[in-house]
Amino acid sequence: MSLEETIDTRQHPELETLIVTRTRDLGDGFEVRRALPSARRRMVGPFIFLDQMGPAAFRSGHGLDVRPHPHIGLATVTYLFEGEILHRDSLGVVQPIRPGEVNWMTAGRGIVHSERTGPETRAAGGKLFGLQAWVALPKKYEETEPAFIHHAADTMPFHEGEGVRMHLIAGALYGKRSPVKTLSDMFYADLALQEGAGLVLPAEHEERAIYLAEGTVELDGTEFNAGELLVFRPGSEIAVRASSPVRMAFLGGEPMDGPRYIFWNFVSSSKERLEEAKADWKAGRFARVPQETEFIPLPEEPAPVRYP
Numbered sequence: 001m002s003l004e005e006t007i008d009t010r011q012h013p014e015l016e017t018l019i020v021t022r023t024r025d026l027g028d029g030f031e032v033r034r035a036l037p038s039a040r041r042r043m044v045g046p047f048i049f050l051d052q053m054g055p056a057a058f059r060s061g062h063g064l065d066v067r068p069h070p071h072i073g074l075a076t077v078t079y080l081f082e083g084e085i086l087h088r089d090s091l092g093v094v095q096p097i098r099p100g101e102v103n104w105m106t107a108g109r110g111i112v113h114s115e116r117t118g119p120e121t122r123a124a125g126g127k128l129f130g131l132q133a134w135v136a137l138p139k140k141y142e143e144t145e146p147a148f149i150h151h152a153a154d155t156m157p158f159h160e161g162e163g164v165r166m167h168l169i170a171g172a173l174y175g176k177r178s179p180v181k182t183l184s185d186m187f188y189a190d191l192a193l194q195e196g197a198g199l200v201l202p203a204e205h206e207e208r209a210i211y212l213a214e215g216t217v218e219l220d221g222t223e224f225n226a227g228e229l230l231v232f233r234p235g236s237e238i239a240v241r242a243s244s245p246v247r248m249a250f251l252g253g254e255p256m257d258g259p260r261y262i263f264w265n266f267v268s269s270s271k272e273r274l275e276e277a278k279a280d281w282k283a284g285r286f287a288r289v290p291q292e293t294e295f296i297p298l299p300e301e302p303a304p305v306r307y308p
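Everything in the sequence shown is counted per the numbering used here, starting at 1 for the first residue and increasing by one.
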């Protein structure tokens with residue numbers, strides 16, 4: 001019997017779904033955990049994809065190598081707790097991504113990017129730990145012009161006190177608002193709690209979740225652990241307390257304006273649009289990433305999946 005099946009929703013009426021992620025090794029000791037999409041929950045607000053990267057430690061000469069690949073109909077949000085990734089895209093942007101910075105890439109009608117360990121970091125070896133999220137775009141913005149916006153860590157709303165440290169990545173929370181421009185009503189925050197510290201997730205958004213990247217939190221007498229996504233019903237505040245040092249994310253927003261289909265790295269409200277994107281990638285019609293000669297081929301997979 002899985003942990004999801006043992007949670008008594010009568011004891012936790014505010015908890016709609018618990019997703020227990022599994023570790024997947026991508027090689028060279030680099031592990032990921034996928035929280036969204038899941039068979040138990042496809043989206044939370046506009047969030048249609050959430051991966052935990054690491055924590056990993058690369059030996060000298062080794063690192064991350066995600067070859068150029070395309071996206072449509074979404075925004076990617078790369079956020080690191082530790083380490084560094086070198087982003088390159090078909091707009092010509094070359095940007096190192098470091099802890100606390102917010103890197104928001106709007107794919108819109110189409111963009112291609114790569115994510116690698118930079119040469120200096122690769123030579124020295126180092127650690128990598130963070131979150132990769134995809135935010136589905138509202139229908140009227142699905143074909144918007146692609147863009148990449150970088151926000152330095154010291155420009156992001158920050159709060160520290162009573163054993164809690166918060167970086168607000170996007171949206172509004174606790175009276176603060178992120179400078180990141182979003183195309184839908186949402187919130188996304190990085191939170192670090194010392195052991196014994198408590199925090200309340202407000203009830204102002206209809207769809208809300210907590211993702212635990214490190215540590216354990218207690219909710220109504222039950223402990224939840226790293227690698228778990230807690231999705232809550234609307235309407236009530238959620239009070240959690242750290243049973244150990246914790247790193248977690250608060251995320252969510254308003255429900256999307258209709259279902260989304262997803263195939264590989266493509267998201268759209270239209271199955272026909274996904275077929276166009278697949279054909280364009282196969283035919284080489286997407287823009288290229290300068291300084292890159294490799295690419296990830298289109299996978300042979302089943303038909304697009306409808307979420308939710």
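The beta-carbon is built from N, C-alpha and C at its ideal position, and this holds for glycine as well.
#1: Just curious, the alpha helix (DSSP H) that Trp324 is in, first and last residue?
#2: Nearest-angstrom Cα distance between Leu86 and Val102?
#3: Alpha carbon to alpha carbon, how far is Ile19 from Pro13? Give it in angstroms, no decimals.
#4: Taking DSSP as the reference, what is the three-state secondary structure of Tyr174?
#5: For the alpha helix (DSSP H) holding Thr121, just list the boundary residues, first then last.
#6: DSSP three-state call for Ala39: helix, strand or coil?
#7: Between Ser269 and Glu142, which are expected to be in contact by the criterion C-beta below 8 Å, what is the C-beta distance as a whole number of angstroms?
#8: Just confirm the distance between the C-beta atoms of Thr117 and Gly63, as a whole number of angstroms; I'd bet it's less than 8 Å.
#9: How long is the line joining the alpha carbons of Arg288 and Arg67, rounded to whole angstroms?
#10: In whole angstroms, give me the CA-to-CA distance for Ser2 and Ala283.
#11: From Phe47 to Glu115, what distance separates their C-alpha atoms?
#12: Just to confirm my understanding: we take Thr6, look at its own chain, exclude 5 residues before and 5 after, and list those with CB closer than 7 Å. What are they?
#13: Thinking C-alpha only, which one of Leu50, Leu193 and Arg177 is nearest Pro245?
#14: How many angstroms separate the CA atom of Gly198 from the CA atom of Ala226?
#15: What would DSSP say about Ala107, mapped onto helix, strand or coil?
#16: Quick one: does Leu229 have its CB under 7 Å from some CB of chain D?
#17: Give me the residue from Leu219, Ala147 and Lys176 with the minimum Cα distance to His71.
#18: In chain order, what residues of the same chain have a beta carbon less than 6 Å from the beta carbon of Arg122, not counting five sequence neighbours either side?
#19: For Lys127, which of helix, strand or coil comes out of DSSP?
#20: Compare the Cα-Cα distances from Phe286 to each of Val77, Thr23, Leu91 and Ala172 and report the closest residue.
#21: For Gly215, report the span of its beta strand (DSSP E) as first-last.
#22: Identify the continuous beta strand (DSSP E) that holds Ile149 and give its terminal residues.
#23: Skipping 5 residues on each side, what residues in its chain have a beta carbon closer than 6 Å to that of Val93?
#24: Under 7 Å, do Ala35 and Leu229 count as touching if we go by C-beta distance?
#25: Compute the Euclidean distance between the alpha carbons of Leu50 and Val44, then round it to the nearest angstrom.
#26: Could you give the DSSP three-state label for Thr23: helix, strand or coil?
#27: Kindly indicate which three-state DSSP category Thr182 falls into: helix, strand or coil?
#28: In this structure, does DSSP put Thr222 in helix, strand or coil?
Concretely, from the data shown:
#1: With the chain represented from 1 up to 308, any question about residue 324 goes unanswered, as that position is not in the structure.
#2: Distance between the alpha carbons of Leu86 and Val102 is about 13 Å.
#3: Cα to Cα, Pro13 sits roughly 16 Å from Ile19.
#4: The answer is coil: DSSP assigns Tyr174 none of H, G, I, E or B.
#5: Run containing Thr121: Pro119 to Ala124, per the alpha helix (DSSP H) assignment.
#6: In this structure, Ala39 counts as coil in the three-state DSSP scheme.
#7: Ser269 to Glu142, Cβ: 7 Å. Contact.
#8: Yes, Thr117 and Gly63 are in contact; Cβ-Cβ is about 3 Å, under 8 Å.
#9: Taking the straight line from one Cα to the other gives about 12 Å.
#10: With a pLDDT of only 38 at Ser2, under 50, the local geometry of the prediction cannot be trusted, and no value is derived from it.
#11: Phe47 and Glu115: Cα-Cα distance of roughly 20 Å.
#12: Because the pLDDT at Thr6 is just 45, under 50, the model does not fix this residue reliably, and the value given afterwards should be weighed accordingly. Nothing meets the Cβ criterion.
#13: Of the listed residues, the one whose Cα sits closest to Pro245 is Leu193.
#14: Take the alpha-carbon of Gly198 and the one of Ala226: they are about 17 Å apart.
#15: Of the three classes helix, strand and coil, the one that applies to Ala107 here is coil, per DSSP.
#16: Considering every chain present, this structure includes no chain D. It has just one protein chain.
#17: Closest option to His71, Cα to Cα, is Ala147.
#18: Gly63.
#19: DSSP places Lys127 in the strand class (E or B) of the three-state scheme.
#20: When each option's Cα is compared against that of Phe286, the closest is Leu91.
#21: Neither: Gly215 is in no beta strand (DSSP E) and is coded neither H nor E.
#22: Start and end: Ala147 to His151.
#23: Result list for Val93: Phe148, in chain order.
#24: For Ala35 and Leu229, yes; Cβs fall inside 7 Å.
#25: Here the C-alpha atom of Leu50 lies approximately 10 Å from the C-alpha atom of Val44.
#26: Thr23: strand per DSSP, three-state reduction.
#27: Coil, per DSSP.
#28: Thr222: strand per DSSP, three-state reduction.
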